[in-house]
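Quick notes on the structure that follows.
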Amino acid sequence: MMKKPKEFISSHAAGCLLAVSIFICLVGMGFETKNRFTNPVGLVRGSAAAVQYLFASVGNFFSGTVNSIGELRDLRKDYRALQNQVEHYQIIQRDLDSLRAENDRLRDQLSFSGELSYRHVPARVIAMDPGTLFHGMTVDKGMSSGVAVDMPVIAYQDGRQGLVGKVISATSRTAMILPIFDHECFVAARFSAGRYEGLVGGDGKKGGAIFMRYVKKRAKEEIRYGDLVVTSGLRSIYPASIPIGRVVGIESPEWQPSLIIEIEPAIDFSRLEYVFILKQEPNQ
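Positions 15 to 298 (this note's numbering) are the ones given, in order, by the sequence shown.
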């Protein structure tokens, strides 16, 4: 069954285009500026040259296309390599920023260490123990560094110092610290701007508030939110005037003879990295 002309041309578009091109070349080569037709030999030679030029052009087109595809493949490969380099440099930059921040923190710790009036052992927190009975933290200094049980522990963070807790056990190279937010830790404290005293203890929740109890109710009129609470130093292993935290809540239960003061710790225990274990004897 013969195809319609449109269908034939559509299905043989490339061949038709080639035939038309050859025909045009043959006709064009048959004319001169003065004579209607050239001689047969010239016609054949011209036609052959035209056909050769046509096929050379088609070949150059496909060759250029293949080269472009190869170049595109190389560009994609180079792009992926550049992406990997950028990601590598980003990782290096993050590591560099982290090292700079660590260096700044260590510089701050060193500066604070030089200002302390007590003999002390600087240590790094290496483990946290969220146990059911108590919350402890392990540091990398122990008896070989002069650390002993019941030594008070402080820290320097964000430009201020604060009480951390006390040493409850020690090995040759490590020590366990009981933090002030543990419900087994009690600290004799007072308001830095007043004469009222109390006993500070935690509720066992890391990062939570701590509470000052046994504060006389008549102190309610003098206590203000934001007031600083410090260690009293009386009948205590803790030296006086170490910041504990600031007042964030005041309760006066009717069934109790004293106030309950809620305190936000001066130290953010979730970010605690370095501590100072005080030997309690002042520097000479």
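Backbone N, C-alpha and C fix where the C-beta goes; we use that ideal spot for every residue, glycine too.
Check: Element boundaries [beta strand (DSSP E), containing Arg260]; Outcome: Pro257 to Glu265
Check: Boundaries (first-last residue) of the beta strand (DSSP E) holding Leu242; Outcome: Leu242 to Thr245
Check: Enclosing beta strand (DSSP E) for Arg174 [first to last residue]; Outcome: Arg174 to Ala184
Check: Rounded separation between Val135 and Asn98 - CA only; Outcome: 45 Å
Check: Distance between beta carbons of His197 and Asp217, contact taken as under 8 Å; Outcome: 6 Å
Check: Own chain, CB closer than 8 Å to Gly247, minus 5 neighbours either side, in chain order; Outcome: Ala202, Pro253, Ala254 and Ser255
Check: Reference Ala184; option with closest CA among Arg90, Ala137 and Cys199; Outcome: Ala137
Check: Which residues DSSP lists as bridging Lys230, in chain order; Outcome: Ser272
Check: Three-state secondary structure assigned by DSSP to Leu192; Outcome: strand
Check: Coarse secondary structure for Thr52, derived from DSSP in three states; Outcome: For Thr52, the predicted structure reports a pLDDT of 48, less than 50, and the residue's modelled location is therefore unreliable. A value from the coordinates is still provided. Coil at Thr52, not helix or strand.
Check: Distance between beta carbons of Val244 and Arg204, contact taken as under 8 Å; Outcome: 6 Å
Check: C-alpha gap between Gln107 and Met190, whole angstroms; Outcome: 36 Å
Check: Assumed close pair Pro166, Lys180 - CB separation to whole angstroms, cut-off 8 Å; Outcome: 5 Å
Check: Residue span of the beta strand (DSSP E) that contains Tyr170, given as start and end; Outcome: Pro166 to Gln171
Check: Close-in-space but distant-in-sequence residues of the same chain around Lys231 (CB under 8 Å, 5 per side omitted); Outcome: Ser266, Pro271, Ser272 and Leu273
Check: Selected residue, minimal CA-CA separation from Tyr210, among Glu101, Glu129, Arg238 and Leu177; Outcome: Arg238
Check: Residues bridged to Arg138 (per DSSP); Outcome: Tyr288
Check: Local conformation of Gly84 per DSSP, three classes; Outcome: helix
Check: Reference Met199; option with closest CA among Gly176, Phe225, Arg174 and Gly208; Outcome: It is Cys, not Met, that sits at residue 199 in the sequence shown. With distances taken between Cα atoms, Cys199 lies closest to Phe225.
Check: Buried/exposed call for Ala95, threshold 16 Cβ in 10 Å; Outcome: exposed
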